[in-house]
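Residue 501 in the working numbering is what sits at position 344 of the first sequence, and the numbering runs on without skipping anything. Structure record follows, encoded as structure tokens.
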Amino acid sequence: MLPSDLRTTFNPFRSQNTVMKQHIADLIHQAIDALKTAGEFDSDLVAHVQIDNTRDKQHGDLACNVALTLAKVARRKPRDIALLICQHLPQSDSVTKTEIAGPGFINFFISQDATQAVIGRVLSEAEKFGRNHSGAGHKVQVEFVSANPTGPLHVGHGRGAAYGASLSNLLETAGFQVEREYYVNDAGRQMDILAASVWLRYLQLAGTEVVFPSNGYQGDYVNDIAQQLHQQAGDRLKHSTTAVMADLHADAPAGDKEKHVDDLIVRAKSLLGEADYDLVFDAGLNSIRDDIKHDLHGFGVDFDQWFSERSLGQNDQINRAITKLQEKGHVYEDGGALWFRSTEFGDDKDRVVKRDNGQTTYFASDIAYHLNKFERGMDTVINVWGADHHGYITRVKAALQALGIAPDRLVVKLVQFAILYRGQERVPMSTRSGSFVTLRALREEVGKDASRFFYVTRKAEQHMDFDLELAKSESKDNPVYYIQYAHARICTLIRKLADKNMAWDSNMGLEQLERLSEATEIALMQQIELYPEVIAHAAKNHEPHQVAHYLKDLAGNFHSYYNAHRMVIDDAQLRNARMCLCMAARQVIDNGLGLLGVDAPEQM
RNA sequence: GCGCCAGUAGCUCAGCUGGAUAGAGUAGCAGGUUCCGAUCCUGUUGGUCGGGGGUUCGACUCCCUCCUGGCGCGCCA
Numbered sequence: 158m159l160p161s162d163l164r165t166t167f168n169p170f171r172s173q174n175t176v177m178k179q180h181i182a183d184l185i186h187q188a189i190d191a192l193k194t195a196g197e198f199d200s201d202l203v204a205h206v207q208i209d210n211t212r213d214k215q216h217g218d219l220a221c222n223v224a225l226t227l228a229k230v231a232r233r234k235p236r237d238i239a240l241l242i243c244q245h246l247p248q249s250d251s252v253t254k255t256e257i258a259g260p261g262f263i264n265f266f267i268s269q270d271a272t273q274a275v276i277g278r279v280l281s282e283a284e285k286f287g288r289n290h291s292g293a294g295h296k297v298q299v300e301f302v303s304a305n306p307t308g309p310l311h312v313g314h315g316r317g318a319a320y321g322a323s324l325s326n327l328l329e330t331a332g333f334q335v336e337r338e339y340y341v342n343d344a345g346r347q348m349d350i351l352a353a354s355v356w357l358r359y360l361q362l363a364g365t366e367v368v369f370p371s372n373g374y375q376g377d378y379v380n381d382i383a384q385q386l387h388q389q390a391g392d393r394l395k396h397s398t399t400a401v402m403a404d405l406h407a408d409a410p411a412g413d414k415e416k417h418v419d420d421l422i423v424r425a426k427s428l429l430g431e432a433d434y435d436l437v438f439d440a441g442l443n444s445i446r447d448d449i450k451h452d453l454h455g456f457g458v459d460f461d462q463w464f465s466e467r468s469l470g471q472n473d474q475i476n477r478a479i480t481k482l483q484e485k486g487h488v489y490e491d492g493g494a495l496w497f498r499s500t501e502f503g504d505d506k507d508r509v510v511k512r513d514n515g516q517t518t519y520f521a522s523d524i525a526y527h528l529n530k531f532e533r534g535m536d537t538v539i540n541v542w543g544a545d546h547h548g549y550i551t552r553v554k555a556a557l558q559a560l561g562i563a564p565d566r567l568v569v570k571l572v573q574f575a576i577l578y579r580g581q582e583r584v585p586m587s588t589r590s591g592s593f594v595t596l597r598a599l600r601e602e603v604g605k606d607a608s609r610f611f612y613v614t615r616k617a618e619q620h621m622d623f624d625l626e627l628a629k630s631e632s633k634d635n636p637v638y639y640i641q642y643a644h645a646r647i648c649t650l651i652r653k654l655a656d657k658n659m660a661w662d663s664n665m666g667l668e669q670l671e672r673l674s675e676a677t678e679i680a681l682m683q684q685i686e687l688y689p690e691v692i693a694h695a696a697k698n699h700e701p702h703q704v705a706h707y708l709k710d711l712a713g714n715f716h717s718y719y720n721a722h723r724m725v726i727d728d729a730q731l732r733n734a735r736m737c738l739c740m741a742a743r744q745v746i747d748n749g750l751g752l753l754g755v756d757a758p759e760q761m
């Protein structure tokens with residue numbers, strides 16, 4: 158038996174079948190078994206029975222290709238096999254007809270009774286409809302956003318936030334125990350630059366004349382933080398211009414802006430002393446982190462854990478991780494630095510974990526961090542990263558492997574960047590031009606629902622054009638409103654019925670489902686029936702965009718139905734049956750939008 | 001140079017892990033509501049799935065090779 162941390166990734170997802178697909182598959186297995194008994198097939202023949210939804214309803218509702226896949230091993234023509242199977246299929250109330258078509262497909266036509274039954278399941282399972290237990294008993298952590306706390310989130314982070322949040326929700330509906338985590342990069346040089354920036358702005362407010370470094374953080378938010386700090390600490394952190402600015406490397410353009418800012422950091426530390434430097438540092442960190450937290454909350458994204466990078470160093474976890482690698486013989490010294498021999502695990506080159514000046518690298522923190530994740534008992538860890546980090550995957554997986562953790566227990570999802578458009582015009586997003594759009598600005602302009610929806614309508618690896626005008630438009634062009642409108646329409650029906658003393662009677666409706674036989678009604682029911690497998694498939698493949706596309710189709714089915722038939726009618730039996738169908742559709746829209754972090758409003 | 005992601009209708013994108021005649025939305029065209037919300041519905045035009053080979057009963061999907069675009073290849077974080 159393998160040690161527990163060497164076990165491979167649990168793969169809970171086998172074929173996720175709907176009730177009906179499973180039933181058909183069972184029928185086919187029974188037929189094949191009967192044919193084995195009859196001597197038509199070898200008794201050791203193994204059939205992989207796959208049931209597909211048909212694209213064209215002329216091909217029935219469900220189709221099976223088993224006759225084609227068996228042709229070779231059974232050494233018979235596919236159509237002959239299909240015929241044999243059909244002749245041995247047990248009777249089923251759910252199947253009205255089977256046909257052999259094309260090269261040897263077996264098409265199944267499902268009875269209306271069986272199709273209508275989904276309505277009762279949706280109404281009784283309600284918000285639980287669509288869930289499954291394939292991930293039961295497994296802990297998975299989803300780490301996402303994790304933007305440096307050196308400034309507000311911008312629209313580039315929004316896609317990762319929307320994707321990670323929806324993915325987490327999806328995994329939960331698949332039965333996983335999910336932990337949502339934000340890794341706070343609160344250590345390192347960038348944070349020191351922020352602290353120095355805050356202090357210099359503070360000095361300016363306190364009346365000390367200093368020149369702000371070109372490499373400092375220029376944003377207005379730094380001023381706000383400095384102002385708060387000044388109110389809080391008074392002039393206690395003040396120093397003279399000469400004390401601050403003397404003997405520094407010159408700033409750009411004449412000098413080196415990197416050396417200049419590094420000198421300022423050293424100066425801040427020496428003039429302020431450790432305690433006061435930490436005060437300034439924490440003022441910046443806490444303010445920005447709280448701001449990010451607040452921003453994300455407004456975006457419908459909340460985390461279970463905000464994991465501090467600094468805590469790794471404070472608890473000596475970085476050195477412990479390096480030592481662990483050393484003990485296993487994967488570390489060597491060269492040029493005064495410590496190197497992890499990652500090439501042994503497929504990396505292009507070895508990587509430094511401890512610099513010649515004794516400082517550990519960011520990579521070393523990341524090794525410790527990922528070790529920590531698994532030590533916390535995660536079976537699987539999912540990292541949602543920006544596409545620019547893909548070069549990093551190999552070395553992190555190499556480190557895990559070196560530490561005895563199966564690398565496939567870490568799954569990295571890369572999210573491509575989104576390019577903003579305002580109609581035809583591309584919105585410049587460079588930080589330098591100062592015109593980059595914050596996530597907050599996006600939320601204020603476009604709204605949470607449309608932003609969340611737009612971010613996840615494209616699959617994550619796909620480059621994406623995000624049109625602000627389209628997302629903003631409250632019209633038919635905008636899919637999120639199209640879906641929400643369907644939901645609101647159904648809610649309006651309920652209100653309408655109450656006004657007319659015709660309140661929806663679900664029991665009567667459920668007894669009369671056989672009255673629902675219009676083409677648009679059947680189509681809507683069939684679409685509803687697909688929901689659980691769409692969810693399962695989306696969870697399995699980490700693809701929330703499938704939910705978005707499904708919901709668009711579902712809303713389309715509803716609107717067609719609504720337009721073709723009336724629900725508020727005198728025939729109480731038919732009226733209540735139709736309302737059962739509408740309310741089932743409403744429930745599925747509600748459930749699906751919920752996964753995507755989009756509200757399902759009762760009126761628009 | 002090496003590696004990762006992408007290339008599907010004029011535009012924005014799906015395509016259920018290899019299945020039947022490649023689908024939506026939008027744009028274009030032609031229609032529909034005295035009605036429960038027209039933020040809606042119906043019909044229709046539009047494709048050498050980047051190019052070329054290969055694998056097999058069958059390829060947008062898998063393999064090879066070229067072309068194009070994005071990103072990455074630090075003792076930065």
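Ideal Cβ positions, reconstructed from N, Cα and C, are used throughout, including at glycine.
query: Complete alpha helix (DSSP H) runs within the segment 248-319 (minimum length 4 residues, chain order); result: 269-282
query: Burial state of GLN244 (16 or more Cβ within 10 Å); result: exposed
query: Close beta carbons around LYS395, own chain, < 7 Å, minus the five adjacent residues each side; result: LEU360, ALA363, THR365
query: Short Cβ contact (7 Å threshold) for ALA544 with PHE502; result: no
query: Buried versus exposed, by CB contacts within 10 Å (16 or more), ALA182; result: buried
query: 7 Å Cβ shell around MET761 - same chain, five flanking residues per side excluded; result: GLN641, TYR642, ALA645
query: Local Cβ density within 10 Å of GLY493, reported as buried at 16 or more and exposed below that; result: exposed
query: ASN380 in three-state terms, based on DSSP; result: helix
query: Sufficient close CB pairs (3 or more, under 8 Å) joining the segment 272-291 to the segment 700-715; result: no
query: Continuous beta strand (DSSP E) stretch holding ILE445: start and end; result: Note, ILE445: premise wrong, no beta strand (DSSP E); alpha helix (DSSP H) at 414-455.
query: Continuous beta strand (DSSP E) stretch holding SER465: start and end; result: 462-465
query: Whole-number beta carbon distance between GLN730 and GLN669, since they are thought to touch under 8 Å; result: 4 Å
query: Residue from SER354, ASP377, LEU442 whose Cα sits closest to the Cα of PRO370; result: SER354
query: For ASP209 and PHE167, the rounded distance between their alpha carbons; result: The predicted position of PHE167 is uncertain, since its pLDDT is 32 and thus under 50; a value taken from the coordinates is nonetheless stated next. So the alpha carbons of these two residues sit roughly 26 Å apart.
query: Same chain only: Cβ atoms within 6 Å of ASP349, ignoring 5 sequence neighbours per side; result: ILE422
query: Cutoff 6 Å; reference PHE170; Cβ partners in own chain excluding five residues on either side; result: A caution first: PHE170 carries a pLDDT of 35, below 50, which makes its placement in the model unreliable, though a value can still be read off. Here the set comprises SER291, LYS697.
query: Rounded C-alpha distance that separates ASP218 from LEU753; result: 29 Å
query: Burial state of THR398 (16 or more Cβ within 10 Å); result: exposed
query: Three-state class that DSSP yields for LYS570 in the structure shown; result: strand
query: Option nearest ASN476 by Cα separation, candidates LYS511, LYS229, ILE692; result: LYS511
query: PRO306 versus PHE438: straight-line alpha-carbon distance, rounded; result: 11 Å
query: Three-state class that DSSP yields for LEU394 in the structure shown; result: coil
query: Which residues DSSP lists as bridging TYR339, in chain order; result: TRP463
query: Nearest-angstrom Cβ-Cβ length linking THR537 and VAL568, presumed shorter than 8 Å; result: 6 Å
query: Nearest residue (CA-CA) to GLU759, options GLU678, LEU599, ARG652, ALA680; result: ARG652
query: Neighbour-count burial assignment, LEU599, 16 or more Cβ in a 10 Å radius; result: buried
query: Selected residue, minimal CA-CA separation from HIS216, among HIS186, ALA224, VAL176, PHE266; result: PHE266
query: Closest residue to PRO235 among ARG735, VAL603, PHE464, ILE257 (Cα-Cα distance); result: ILE257
query: Cβ pair count under 8 Å reaching 3, the segment 687-695 against the segment 727-742; result: no
query: As assigned by DSSP and simplified to three states, the class of LYS485; result: coil
query: Collapsed DSSP secondary structure at GLU601 in the structure displayed; result: helix
query: Candidates THR211, SER444, TYR719, SER325, of which the one nearest ILE539 by Cα; result: SER325
query: Contacts around MET724, its chain only, beta-carbon distance under 7 Å, and the 5 residues preceding and following it disregarded; result: LEU650, ARG732, ARG735, MET736, CYS739
query: Contacts around ALA400, its chain only, beta-carbon distance under 7 Å, and the 5 residues preceding and following it disregarded; result: LEU428
query: Sequence-distant residues of its chain with Cβ nearer than 6 Å to ASP756 (five each side left out); result: ASP606
query: Local conformation of LYS554 per DSSP, three classes; result: helix
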